[in-house]
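In what follows, a structure is listed as structure tokens, so that the remarks can point back to it.
As structure tokens, this is what we get:
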């Protein structure tokens, strides 16, 4: 097993006088190509963990390494390059650029790491081949999230980070999105981290990390993950 | 609780709120300060006139005896009357320092005004600032500007050249007078420097002694009273001054409730048929009128600039509040859903603008009180106003604060009403699609261009209101900066036109009386260094058409004259043909005259009208004169072969001193007019104007920067989430800055295109505001000025992006990307 993500005593603390631990010292290893579900109630540190791994934030202490590269010492520019070349993000509220069509939103990201040749294929893969010229305001929430996934994949990232990707979606749309994330891991060989508070998603994961009060309370290996479409909602 | 929310929101937008406060405070400060300055100066002038008993009416007369004056004093409606002598005589200031840097004795035209043997006159008293009133007949009191211009102190000695000798006059004191707070020779020559003209008070008997010595001068060569029009500027005045007990000016005060017109008619009768030459009410005295125009300028400024500042302040407040309402749609929905009444929501958002307006107004009103006092003190110091009234006017301060609050209320009303009208269900949903109708068109915007460029173009279309506001901000900024810059260009061009195209001579000598032109020319042509010489006639005339009249100075110039020409603002020569005249534009406007129209021209004060034809209309920056062919003028006014002015062009600037000295020594020269000195004097006076325009320009730049800073910052902050997402997916800050710069550049371009015609309009309005029959400026808008202003505005716009971009660079990506679009 080759470790893709490594956290060694990584913690995130806010405040100086009154110290608030968003993430207590955490040590984790996640192999390449796994679909990992991070579970926990609100305030448990899920998103903080995701932000540290995604280079949106820096640890207050400890080490965070992705693909053998330490992130905590990187400059802003280097972190930006890391996010550009290695990470794809899927946000709860999609964060599409309203003035660009679905195709253009994906192309906007694809341009960052190469050309736009694969954009049509990506939109086709997320089931929106015919809706590429629609603006976000013309798409449903599920469709917008699928565009966001296509946008994240357009950069061919080795790491896909999804923060409550189904949080704003209905069940049917949610299942479609989970299917796409599953496919990104299984078929694309990417490491996919999905943050959620929905415990039923654990069934589709290769690995489940449980957090509470800013600390990891359990890491479980799932040798027989269910298909996304079979996950109870 | 809502109040706490409000305070925190204000605290979070320190930069923008600070900009609004500065703009609002400046606007109110300018309003309160300029208006207080206007009221204080107006009151100070009125008080000075009252304390020094400036006469209600000045009547220039041929000759008035003590009995004539007594008759006027006894008229119903006249409170008191007094006769005096006013006569212009050459005065030599030995070893004077000249404004042009030269030194040596200077001959100036001095207006001698008679004083009683002891003490002050009953009317037109003087305010002695240094020294004393003349204690002997050979002592004089000098008007302050003249004394300061030559650095003369009490105890110094001046000379009056008399036939065969000079009279030495001792300076007893330095004084100010209500009539000459602004020293004007007459309406045509209203800015003479101390090197040309000065006002001197002397005991009546002292003037008589000088006049007696001058009386043997040649008689007025058939001119009769024709040249007696300007106060004291004639041989006739000298003759009257030489006569004991006679006056050539009668001053009187009106009794309370008197009808000025009826008293004027009665005084005319009392003085005898044809004796009264001109009757001038106090407010029409040239110096008083000019001061009033100056102080009225402050009043206009109290209207014009604050309106601009407050309009910009309102614009920014509305933009800030609009953004706040947009950002807080879910919150507003929540408040409404919780049962908060709509009027409370309205009041909550209105109190935001009112809070900002109140703070800006109070700061501005305090600043305005200080500014008003400063303005009054500086004016009073510069003009040596004897009696200064400065007071804090609570009503004015309250008005300033009230106006600020009203502006803030109006600015906030639109966004606040929009907030109160939001349906709760709609407000708690994410914001409406950015573009509803027109999506099909929208998707074609920027088709085929790179995605970031396409995005920039669509952002303009997507938020037309915001784009229009930014473009309007740029247009308004350009207008502000360009209007003030163009005023400087216009002033420069106006001065160039005056001295390089119209008055092209270096020296001009005005004679007390016309002399045979051939003799005069012969004497001047023999002066070494006088390369070009032209003799002309300069006559005070009255132009009449359609029952309206306008006094002017008429120059009879020789055919092909090169030293004195009439031109238009394009620099094109406009000279008359035989039987025609060229009139100044203010005269043409006032009399409703156009090229080809007939106009009656009569010598002042009571010559026979001659009907002439308007051949052209000329433009001059300072004053305005009428031009006629020399031979035509001689024929029309019976002055065959005579000239009373000689113009000289120097061979080289090094000849100036020698030629000046030689011209001063010519017999009959009343005064010497040196263009170099005039330009220096004008430069000094224009310095004040430049300082004023400079201050306006500085204000304009502050305003422009405030507008651009706010529009650029808001445009960025409104899109924080979008920009944060771009950064999160790995787009470098430089690339994001380039996209925003591209958008702002487009908006800047739109603003410049819209701002150009707006600027042209504003420049023309500003020029009209500053133009009068005494002063007018050409419209000048150079490509260079436009280029610099446009570049400046665009640069400020780009620099103004910086705080917003810095905020984007520093924003907490992790937090912003998780936020829900509000």
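Chains as they are written, first to last, in the working numbering: chain X, 1 to 233; chain Z, 1001 to 1822. Ideal Cβ placement from N, Cα and C applies to all residues, glycine included. Quick caveat, the model's predicted, so the values are computed rather than measured.
{"Check": "Beta-carbon contacts of residue 1758 of chain Z that lie in its chain and below 6 Å, excluding the five residues immediately before and after", "Outcome": "1475 and 1479"}
{"Check": "Cβ-based burial, residue 1459 of chain Z [other Cβ within 10 Å; buried from 16]", "Outcome": "buried"}
{"Check": "Cβ shell of residue 1675 of chain Z (< 8 Å), same chain only, five flanking positions each side left out", "Outcome": "1499, 1503, 1505, 1506, 1507 and 1508"}
{"Check": "Identity of the residues DSSP links to residue 1123 of chain Z by a beta bridge", "Outcome": "Its beta-bridge partners do not exist; DSSP assigns none."}
{"Check": "Contact between the region 155 to 175 of chain X and the region 36 to 54 of chain X (3+ Cβ pairs under 8 Å)", "Outcome": "yes"}
{"Check": "Any chain X beta carbon closer than 8 Å to residue 1807 of chain Z", "Outcome": "no"}
{"Check": "Buried or exposed (CB count within 10 angstroms, at least 16 for buried), residue 225 of chain X", "Outcome": "buried"}
{"Check": "Contact set for residue 180 of chain X: own chain, Cβ-Cβ below 7 Å, skip 5 residues either direction", "Outcome": "126, 146 and 149"}
{"Check": "Residue 1721 of chain Z at chain X interface by Cβ criterion, 8 Å", "Outcome": "yes"}
{"Check": "Residue 1042 of chain Z to residue 1618 of chain Z span [Cα, whole Å]", "Outcome": "34 Å"}
{"Check": "Where the beta strand (DSSP E) through residue 1590 of chain Z begins and ends", "Outcome": "Note, residue 1590 of chain Z: premise wrong, no beta strand (DSSP E); alpha helix (DSSP H) at 1585 to 1591."}
{"Check": "Pair within 8 Å by beta-carbon distance, residue 1669 of chain Z and residue 1524 of chain Z", "Outcome": "no"}
{"Check": "Interfacial residues, the region 103 to 118 of chain X to chain Z, with Cβ spacing under 7 Å", "Outcome": "104, 107, 108, 109, 111 and 112"}
{"Check": "At least 3 beta-carbon pairs within less than 8 Å: the region 1111 to 1124 of chain Z vs the region 1069 to 1085 of chain Z", "Outcome": "yes"}
{"Check": "contact_flag[the region 1015 to 1027 of chain Z, the region 1353 to 1367 of chain Z] where n(CB pairs < 8 Å) is 3 or more", "Outcome": "yes"}
{"Check": "Partners in chain X for residue 1781 of chain Z, counting only beta-carbon separations shorter than 9 Å", "Outcome": "Chain X residues near residue 1781 of chain Z: none, gap ~37 Å exceeds 9 Å."}
{"Check": "Whether residue 196 of chain X touches residue 33 of chain X by CB criterion (8 Å)", "Outcome": "no"}
{"Check": "Inter-residue spacing [alpha-carbon to alpha-carbon] between residue 1461 of chain Z and residue 1467 of chain Z", "Outcome": "8 Å"}
{"Check": "C-alpha gap between residue 216 of chain X and residue 209 of chain X, whole angstroms", "Outcome": "7 Å"}
{"Check": "Three-state secondary structure assigned by DSSP to residue 3 of chain X", "Outcome": "strand"}
{"Check": "Inter-stretch contact at 8 Å, needing at least 3 Cβ pairs: the region 1196 to 1205 of chain Z / the region 1130 to 1144 of chain Z", "Outcome": "yes"}
{"Check": "Local Cβ density within 10 Å of residue 12 of chain X, reported as buried at 16 or more and exposed below that", "Outcome": "buried"}
{"Check": "Residue-chain proximity (residue 1730 of chain Z, chain X), Cβ-Cβ < 8 Å", "Outcome": "yes"}
{"Check": "Validate contact between the region 1784 to 1792 of chain Z and the region 1727 to 1737 of chain Z using beta carbons, cut 8 Å, 3 pairs", "Outcome": "no"}
{"Check": "Chain-ordered neighbours of residue 1453 of chain Z on chain X, where CB pairs are closer than 9 Å", "Outcome": "What residue 1453 of chain Z touches in chain X: nothing, since even the nearest Cβ is about 11 Å away."}
{"Check": "Interface partners of residue 1813 of chain Z on chain X, CB under 7 Å", "Outcome": "56"}
{"Check": "Any C-beta of chain X under 8 Å from that of residue 1744 of chain Z", "Outcome": "no"}
{"Check": "Cβ-based neighbour list, residue 1697 of chain Z, same chain, cut-off 6 Å, excluding 5 preceding and 5 following", "Outcome": "1484"}
{"Check": "Outcome for residue 1450 of chain Z when other beta-carbon atoms lying within 10 angstroms are tallied against a minimum of 16", "Outcome": "exposed"}
{"Check": "Chain B within 8 Å of residue 75 of chain X, Cβ atoms only", "Outcome": "No chain B appears in this structure, whose protein chains are X and Z."}
{"Check": "Secondary structure, alpha helix (DSSP H): runs of 4+ residues fully inside the region 1533 to 1594 of chain Z", "Outcome": "1585 to 1591"}
{"Check": "Residue 135 of chain X, DSSP secondary structure in three states", "Outcome": "coil"}
{"Check": "At least 3 beta-carbon pairs within less than 8 Å: the region 1741 to 1753 of chain Z vs the region 1775 to 1782 of chain Z", "Outcome": "no"}
{"Check": "Residue 78 of chain X versus residue 104 of chain X: straight-line alpha-carbon distance, rounded", "Outcome": "26 Å"}
{"Check": "Extent of the continuous alpha helix (DSSP H) to which residue 1761 of chain Z belongs", "Outcome": "1733 to 1770"}
{"Check": "8 Å Cβ cutoff, residue 1817 of chain Z in contact with chain X", "Outcome": "yes"}
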